[in-house]
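In our numbering, the protein residues as written are 1 to 95.
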């Protein structure tokens, strides 16, 4: 897959990956503090990468096939917003 994320696409991917990292670090901290660390935390994080981030990258790749120039881009931003909103709610529930 060779693609280039445009400015706002890159920023939205930074937001998604940053929120995922914060959620992972907070979960890791809480599990280490409670003394019940398991590999399920890491596996869930990898699963989320596969289920949430990979489709965004696939949408970014499909941008070149979109003749209108905004359909796939709109889907990308809606998807990134949805993933970011999911992780904001997850972080809120963990705190």
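Built from N, CA and C at the ideal position, the CB exists for glycine as well.
Taking C-beta atoms under 8 Å as the contact rule, residue 26 and residue 85 fail to qualify, at a distance of about 17 Å. The Cβ atoms of residue 80 and residue 56 lie closer than 7 Å to each other. Distance from the Cα of residue 46 is smallest, within the candidate group 11, 20, 73, 33, for 20. With contacts defined by Cβ atoms closer than 7 Å, residue 50 and residue 75 do not form a contacting pair. Rounded to whole angstroms, the separation of the alpha carbons of residue 8 and residue 93 is 28 Å. Shown here, residue 6 sits in coil according to DSSP, grouped into three states, outside any helix or strand. Assignment of residue 70 by DSSP, reduced to helix, strand and coil, places it in the coil class. The DSSP-derived three-state label of residue 82 is helix.
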